[in-house]
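To start, the structure under review is shown below, and the notes come after it.
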Amino acid sequence: MDLRNHQITIRELLADPRAKEVLERRFPQVINRPIVAKSGGMTLERAMKLGAAYVPKKVIQEALTELKAL
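Numbering of the sequence shown is given in the numbering used here, commencing with residue -19 and proceeding in unit increments.
The structure is reproduced here in structure tokens:
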């Protein structure tokens, strides 16, 4: 999947069933929260920066690798 240098939006990722499955599996604690739906215009880059305070960098990198492989 082309993540467009991490400028793809959360809305675009969630619109792709394969990407949504990766995000649901990797980040089950946050992906179905209302704030995620309201943050659909946020870029993946911004979401990674915000998430870095709560999620280990290794988990983020693994998710990115999996998304890129789609």
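The C-beta atom is built at its ideal place from N, Cα and C for all residues, glycine as well. Being a predicted model, the structure only gives us computed values, none of them experimental.
Quick one: Cα of residue i to Cα of residue j, how far?
i	j	result
Lys18	Ile11	11 Å
Asp(-18)	Glu1	16 Å
Ala(-1)	Thr(-11)	12 Å
Ile15	Gln9	12 Å
Val35	Glu46	16 Å
Arg13	Met22	15 Å
Asn(-15)	Arg5	22 Å
Have a look at the options and flag the residue whose alpha-carbon is nearest the alpha-carbon of residue i.
i	options	result
Met28	Leu3, Ala(-5) and Pro(-3)	Leu3
Gln41	Pro(-3), Phe7, Arg13 and Val16	Phe7
Thinking C-beta only, is residue j closer than 9 Å to residue i?
i	j	result
Arg(-9)	Gly31	no
Leu50	Asp(-4)	yes
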